[in-house]
Amino acid sequence: KIEEYPIFPKYTTKQFTKVESGSFLEMIDKTLYGVSTDETRHHLNGVYFENNLSKQNKVFRMVATDGHRLCMVDRDPDIKNEEPKSGVIIPKKGLNEIRKLLETIDGEFEIAIEGAQLIVKHEPTTLMIRLIDGVYPDYTQLIPQNLNENIKIEKEKLMSILKRVSLLSNQKSKGVTLNINKGKLEITSYNPELGDAQEEIPVNYSGDPIKIGFNAKYILDVLISIKEEKE
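Here the sequence shown is numbered in this note's numbering, starting from 5 and rising by one per residue.
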(Lines of atoms letter the chains of each structure in order from A and count residues from 1; the text may use other names and numbers.)
(Lines give C-alpha, C1' and ligand atoms only; values in the text may rest on other atoms or scores of the structure.)
Protein backbone atom coordinates (compact mmCIF):
# COMPACT_ATOMS: atom_id res chain seq x y z
CA LYS A 1 0.00 0.00 0.00
CA ILE A 2 1.27 3.44 -0.93
CA GLU A 3 0.43 4.86 2.52
CA GLU A 4 2.80 2.29 4.07
CA TYR A 5 5.75 3.39 1.92
CA PRO A 6 8.42 5.20 3.98
CA ILE A 7 8.29 8.98 3.83
CA PHE A 8 11.33 10.58 2.20
CA PRO A 9 13.26 12.46 4.91
CA LYS A 10 13.22 16.24 4.81
CA TYR A 11 16.00 18.75 5.29
CA THR A 12 16.05 22.47 5.96
CA THR A 13 19.69 23.41 5.37
CA LYS A 14 20.60 25.67 2.48
CA GLN A 15 24.34 25.49 3.13
CA PHE A 16 25.30 23.29 0.21
CA THR A 17 28.85 23.15 -1.13
CA LYS A 18 29.54 22.64 -4.82
CA VAL A 19 32.10 19.90 -5.45
CA GLU A 20 33.69 18.68 -8.67
CA SER A 21 32.31 15.20 -9.31
CA GLY A 22 35.47 13.71 -10.87
CA SER A 23 37.63 14.68 -7.89
CA PHE A 24 35.13 13.32 -5.35
CA LEU A 25 34.73 10.09 -7.32
CA GLU A 26 38.51 9.63 -7.33
CA MET A 27 38.59 10.09 -3.55
CA ILE A 28 35.96 7.37 -3.13
CA ASP A 29 37.86 4.97 -5.40
CA LYS A 30 41.08 5.50 -3.44
CA THR A 31 39.55 4.76 -0.03
CA LEU A 32 36.45 2.57 -0.34
CA TYR A 33 38.39 -0.69 -0.65
CA GLY A 34 40.03 -0.06 2.74
CA VAL A 35 36.76 0.05 4.73
CA SER A 36 36.41 -2.59 7.45
CA THR A 37 33.76 -5.31 7.09
CA ASP A 38 33.90 -6.19 10.80
CA GLU A 39 30.39 -5.38 12.08
CA THR A 40 31.63 -5.27 15.68
CA ARG A 41 33.69 -2.18 14.80
CA HIS A 42 30.87 -0.16 13.26
CA HIS A 43 32.81 3.10 13.36
CA LEU A 44 35.23 1.58 10.82
CA ASN A 45 32.45 0.41 8.47
CA GLY A 46 32.62 3.67 6.54
CA VAL A 47 34.92 6.34 5.18
CA TYR A 48 35.86 9.27 7.42
CA PHE A 49 35.25 12.53 5.54
CA GLU A 50 36.45 15.92 6.74
CA ASN A 51 37.59 19.27 5.52
CA ASN A 52 40.85 20.79 6.66
CA LEU A 53 39.97 24.25 5.45
CA SER A 54 41.43 25.89 8.54
CA LYS A 55 44.92 24.80 7.53
CA GLN A 56 47.21 26.60 5.13
CA ASN A 57 46.57 24.02 2.42
CA LYS A 58 42.81 23.77 2.18
CA VAL A 59 41.71 20.24 1.38
CA PHE A 60 38.91 17.75 1.55
CA ARG A 61 40.12 14.48 3.07
CA MET A 62 38.86 10.89 3.06
CA VAL A 63 40.28 8.17 5.31
CA ALA A 64 39.50 4.45 5.58
CA THR A 65 41.04 1.63 7.59
CA ASP A 66 40.24 -1.98 8.43
CA GLY A 67 42.89 -2.26 11.14
CA HIS A 68 45.46 -3.75 8.76
CA ARG A 69 45.87 -0.90 6.27
CA LEU A 70 45.00 2.76 6.08
CA CYS A 71 43.99 4.73 2.99
CA MET A 72 44.05 8.53 2.94
CA VAL A 73 43.53 10.96 0.09
CA ASP A 74 43.46 14.76 0.02
CA ARG A 75 42.02 16.90 -2.76
CA ASP A 76 41.72 20.65 -3.23
CA PRO A 77 37.99 21.47 -2.99
CA ASP A 78 38.45 24.72 -4.94
CA ILE A 79 35.93 26.55 -2.75
CA LYS A 80 36.03 29.83 -0.87
CA ASN A 81 34.53 31.20 2.34
CA GLU A 82 33.87 27.74 3.75
CA GLU A 83 34.23 27.19 7.48
CA PRO A 84 36.01 24.07 8.75
CA LYS A 85 33.66 21.33 10.00
CA SER A 86 34.17 18.28 12.18
CA GLY A 87 34.56 15.00 10.31
CA VAL A 88 31.75 12.52 9.64
CA ILE A 89 31.71 8.78 8.85
CA ILE A 90 29.93 7.91 5.60
CA PRO A 91 28.81 4.25 5.40
CA LYS A 92 30.19 2.06 2.62
CA LYS A 93 26.76 1.39 1.11
CA GLY A 94 26.04 5.11 1.00
CA LEU A 95 29.32 5.84 -0.75
CA ASN A 96 28.54 3.16 -3.33
CA GLU A 97 25.27 4.94 -4.11
CA ILE A 98 27.07 8.29 -4.37
CA ARG A 99 29.59 6.65 -6.68
CA LYS A 100 26.82 5.40 -8.99
CA LEU A 101 25.40 8.92 -9.18
CA LEU A 102 28.76 10.60 -9.82
CA GLU A 103 29.53 8.21 -12.67
CA THR A 104 26.64 9.83 -14.55
CA ILE A 105 27.72 13.41 -13.83
CA ASP A 106 30.09 15.62 -15.76
CA GLY A 107 30.75 18.67 -13.64
CA GLU A 108 29.70 19.73 -10.16
CA PHE A 109 27.22 18.39 -7.63
CA GLU A 110 26.12 19.74 -4.24
CA ILE A 111 26.74 18.29 -0.81
CA ALA A 112 25.63 19.23 2.71
CA ILE A 113 25.49 17.73 6.19
CA GLU A 114 22.50 18.23 8.47
CA GLY A 115 22.35 16.40 11.77
CA ALA A 116 22.97 12.70 11.13
CA GLN A 117 22.30 12.97 7.39
CA LEU A 118 24.54 13.52 4.39
CA ILE A 119 22.67 15.19 1.53
CA VAL A 120 23.88 14.87 -2.05
CA LYS A 121 22.09 16.74 -4.83
CA HIS A 122 22.34 16.85 -8.59
CA GLU A 123 19.08 17.68 -10.28
CA PRO A 124 16.79 15.86 -10.46
CA THR A 125 18.38 13.44 -7.93
CA THR A 126 18.68 13.85 -4.17
CA LEU A 127 20.40 11.26 -1.97
CA MET A 128 19.91 11.21 1.80
CA ILE A 129 22.45 9.03 3.60
CA ARG A 130 22.42 8.32 7.31
CA LEU A 131 25.89 8.83 8.77
CA ILE A 132 27.56 6.33 11.10
CA ASP A 133 27.44 7.42 14.73
CA GLY A 134 30.80 6.97 16.41
CA VAL A 135 34.25 8.41 16.98
CA TYR A 136 36.80 7.71 14.28
CA PRO A 137 40.28 6.78 15.60
CA ASP A 138 43.12 9.29 15.42
CA TYR A 139 44.56 8.09 12.11
CA THR A 140 47.23 10.80 12.08
CA GLN A 141 49.27 8.83 14.64
CA LEU A 142 49.68 6.02 12.10
CA ILE A 143 51.05 8.14 9.24
CA PRO A 144 54.87 8.20 8.96
CA GLN A 145 56.25 11.72 9.01
CA ASN A 146 59.57 10.97 7.33
CA LEU A 147 59.58 8.74 4.25
CA ASN A 148 63.14 8.51 3.02
CA GLU A 149 62.90 5.52 0.68
CA ASN A 150 61.18 6.01 -2.68
CA ILE A 151 60.72 3.45 -5.44
CA LYS A 152 59.47 4.03 -8.97
CA ILE A 153 58.04 1.01 -10.72
CA GLU A 154 55.78 0.16 -13.66
CA LYS A 155 52.33 -0.48 -12.25
CA GLU A 156 51.04 -3.03 -14.78
CA LYS A 157 54.17 -5.18 -14.57
CA LEU A 158 54.04 -5.18 -10.79
CA MET A 159 50.37 -6.14 -10.81
CA SER A 160 51.00 -9.04 -13.18
CA ILE A 161 53.85 -10.39 -11.07
CA LEU A 162 51.88 -10.08 -7.83
CA LYS A 163 48.95 -11.99 -9.32
CA ARG A 164 51.21 -14.80 -10.55
CA VAL A 165 53.36 -15.11 -7.44
CA SER A 166 50.40 -14.96 -5.06
CA LEU A 167 48.89 -18.04 -6.74
CA LEU A 168 51.39 -20.12 -4.77
CA SER A 169 51.01 -18.20 -1.53
CA ASN A 170 48.94 -19.26 1.45
CA GLN A 171 45.33 -18.88 0.25
CA LYS A 172 44.27 -17.24 3.52
CA SER A 173 47.08 -14.76 4.08
CA LYS A 174 48.07 -14.22 0.39
CA GLY A 175 51.50 -13.43 1.80
CA VAL A 176 54.35 -12.46 -0.52
CA THR A 177 57.85 -11.27 0.32
CA LEU A 178 59.33 -8.18 -1.33
CA ASN A 179 63.12 -8.04 -1.44
CA ILE A 180 64.20 -4.63 -2.72
CA ASN A 181 67.80 -3.98 -3.67
CA LYS A 182 69.56 -1.55 -5.97
CA GLY A 183 67.88 -1.64 -9.34
CA LYS A 184 65.59 -4.62 -8.76
CA LEU A 185 62.61 -5.91 -6.82
CA GLU A 186 62.33 -9.64 -6.12
CA ILE A 187 58.90 -10.98 -5.19
CA THR A 188 58.59 -14.48 -3.70
CA SER A 189 55.96 -16.69 -2.11
CA TYR A 190 56.02 -20.13 -0.52
CA ASN A 191 53.38 -22.77 0.05
CA PRO A 192 54.49 -26.07 1.64
CA GLU A 193 51.87 -27.97 -0.37
CA LEU A 194 52.36 -26.31 -3.76
CA GLY A 195 55.95 -25.07 -3.78
CA ASP A 196 57.43 -21.62 -4.20
CA ALA A 197 57.41 -18.82 -6.77
CA GLN A 198 59.92 -16.08 -7.52
CA GLU A 199 60.03 -13.23 -10.03
CA GLU A 200 62.08 -10.06 -10.49
CA ILE A 201 61.30 -6.65 -11.91
CA PRO A 202 63.64 -3.68 -12.48
CA VAL A 203 62.96 -0.64 -10.28
CA ASN A 204 64.32 2.84 -9.83
CA TYR A 205 65.81 2.49 -6.35
CA SER A 206 69.26 3.15 -4.90
CA GLY A 207 68.69 3.06 -1.13
CA ASP A 208 69.48 0.44 1.49
CA PRO A 209 68.16 -3.10 0.91
CA ILE A 210 64.63 -3.76 2.20
CA LYS A 211 62.96 -7.12 2.85
CA ILE A 212 59.32 -7.08 3.91
CA GLY A 213 56.21 -9.23 3.67
CA PHE A 214 52.70 -8.15 2.67
CA ASN A 215 49.31 -9.54 1.79
CA ALA A 216 49.42 -9.37 -2.02
CA LYS A 217 45.75 -8.34 -2.18
CA TYR A 218 46.46 -5.23 -0.12
CA ILE A 219 49.09 -4.09 -2.64
CA LEU A 220 46.88 -4.96 -5.63
CA ASP A 221 43.97 -2.96 -4.19
CA VAL A 222 46.21 0.11 -4.01
CA LEU A 223 47.59 -0.39 -7.51
CA ILE A 224 44.11 -0.73 -9.00
CA SER A 225 43.15 2.64 -7.50
CA ILE A 226 46.19 4.37 -9.03
CA LYS A 227 45.68 5.88 -12.49
CA GLU A 228 49.32 6.66 -13.24
CA GLU A 229 51.47 4.01 -14.92
CA LYS A 230 54.42 4.68 -12.59
CA GLU A 231 54.06 5.51 -8.90
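Idealized CB from N, CA, C, for every residue including glycine. Here the structure is a predicted model, which is why all the values come from computation and not from measurement.
- For Phe53 against Gly91, the beta-carbon gap comes to about 6 Å, under 8 Å, which counts as contact.
- Annotation: the continuous alpha helix (DSSP H) that includes Val226 extends over 220 to 229.
- Contact annotation: the region 109 to 122 touches the region 14 to 25, with at least three C-beta pairs closer than 8 Å.
- Comparing alpha-carbon positions, the option among Arg168, Gly187, Pro213 lying closest to Tyr194 turns out to be Arg168.
- The beta strand (DSSP E) runs of length 3 or more contained entirely in the region 80 to 155 are, from start to end of the chain, 92 to 95, 112 to 118, 121 to 126, 129 to 134.
- DSSP places Lys159 within a helical segment (H, G or I) once states are collapsed to three.
- Under the 10 Å beta carbon count, Ala120 is surrounded by fewer than 16 other beta carbons and is classified as exposed.
- A distance below 6 Å between beta-carbons, with the five flanking residues on each side excluded, links Arg73 to the following residues of its chain, in chain order: Gly38, Tyr222.
- With contacts defined as CB atoms closer than 8 Å, Ser164 and Val180 fail to qualify as a contacting pair.
- For Glu197, the three-state secondary structure derived from DSSP is coil.
- Between the region 102 to 111 and the region 150 to 162, the count of Cβ pairs shorter than 8 Å is below three; the stretches do not touch.
- The beta carbons of Lys176 and Ser210 sit no closer together than 8 Å.
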